[in-house]
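Numbering (mature numbering (1 follows the signal peptide of the UniProt record, and there is no 0)), first residue to last: -23 to -1, 1 to 193. Input: a single structure, listed below in structure tokens.
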Amino acid sequence: MAKGFGFLVVVMAAMVMAEIVRGDSSEELKVKTVKGNKVCTRGWECSQWSEHCCNQTISDYFQVYQFENLFSKRNSPVAHAVGFWDYHSFITASTPYQPQGFGTSGSKLMGQKETAAFLGHVGSKTSCGYSVATGGPFAWGLCYNKEMSPSQSYCDDYYKYTYPCSAGVEYYGRGALPIYWYVHFQSIKVIFCICVMDSDALILVSTLPVNHAYIS
């Protein structure tokens, strides 16, 4: 099973890479020197001064039509997250991490490889396709945004004093790379400054599941 999943990720990443290399655009670049080091900003997508922002951003080489081609079945009637995943949410979710080097480390080719690997992994984890499905299994990536048949609510008393479960909330897998146990939900809320205790449902928005995937 592990070898099969690994192969699926590699193949999907290769397909993503083939699509990504077709895209190329440019965003306004601003440059300055800080303590002898060149740092840049590049529009809203890479707005923090960083050496990584001197390189191309993800949207420079990966564009809307490519996202649509890669995940062409995600809004099919049989999919389970129709209307949830979109290109803009992916780019928006990536903006805190691009200045840190996600998709912007080194050369354009390096950024393309990293983005392809990430999308290949996410696509394989959320696919509802199979080998004979129309378009093949890879076209069905981003079919899910949550666990469909959870065997349990992932809540127990072990962390009840530090991370108590919210009353009336069901805890199960959510996101591009799913999080399950309530302690993980609480950790994500702390990281992204979602400070209301009863805000677990906010995890299931179109940017936060992708944000979590970056830091997993």
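Heads up, the beta-carbon is just placed ideally off N, CA and C, and yes, glycines get one too.
Residue i to residue j span [Cα, whole Å]
| i | j | result |
| --- | --- | --- |
| residue 88 | residue 10 | 23 Å |
| residue 102 | residue 47 | 14 Å |
| residue 45 | residue 76 | 25 Å |
| residue 125 | residue 94 | 25 Å |
| residue 199 | residue 147 | This structure gives no information on residue 199, because the portion of the chain shown stretches from -23 to 193. |
| residue 17 | residue 131 | 43 Å |
| residue 42 | residue 74 | 23 Å |
| residue 27 | residue 12 | 13 Å |
| residue 14 | residue 40 | 30 Å |
| residue 113 | residue 33 | 31 Å |
| residue 7 | residue 82 | 17 Å |
| residue 172 | residue 111 | The predicted model places residue 172 with a pLDDT of 42, which falls under 50 and marks its position as unreliable, so this point remains unresolved. |
| residue 139 | residue 62 | 32 Å |
| residue 69 | residue 24 | 12 Å |
| residue 19 | residue 80 | 13 Å |
Exposed unless 16 or more other CB atoms sit within 10 angstroms - verdict on residue i
| i | result |
| --- | --- |
| residue 144 | exposed |
| residue 107 | exposed |
| residue 84 | exposed |
| residue 86 | exposed |
| residue 135 | exposed |
The alpha helix (DSSP H) enclosing residue i, as first and last residue numbers
| i | result |
| --- | --- |
| residue 53 | Here residue 53 belongs to no alpha helix (DSSP H), and DSSP marks it neither H nor E. |
| residue 41 | 41 to 47 |
| residue 34 | Per DSSP, residue 34 belongs to no alpha helix (DSSP H) and is neither H nor E. |
| residue 71 | 64 to 71 |
Among the options, nearest to residue i - alpha-carbon criterion
| i | options | result |
| --- | --- | --- |
| residue 22 | 65, 46 and 42 | 65 |
| residue 198 | 61, 35, 26 and 56 | Absent from the model: residue 198. The displayed extent of the chain is -23 to 193, so no value can be given. |
| residue 150 | 135, 123, 99 and 81 | 123 |
| residue 67 | 6, 78, 85 and 119 | 119 |
| residue 37 | 98, 142, 153 and 5 | 5 |
| residue 96 | 29, 25, 153 and 32 | 153 |
| residue 29 | 40, 50, 72 and 52 | 72 |
| residue 52 | 79, 142 and 104 | 104 |
| residue 99 | 24, 141 and 117 | 117 |
| residue 59 | 121, 111 and 142 | 121 |
| residue 78 | 50, 56, 57 and 31 | 31 |
Helix, strand or coil at residue i according to DSSP, with G and I counted as helix
| i | result |
| --- | --- |
| residue 25 | strand |
| residue 16 | strand |
| residue 103 | coil |
Limits of the beta strand (DSSP E) - the one that residue i falls within
| i | result |
| --- | --- |
| residue 10 | 6 to 11 |
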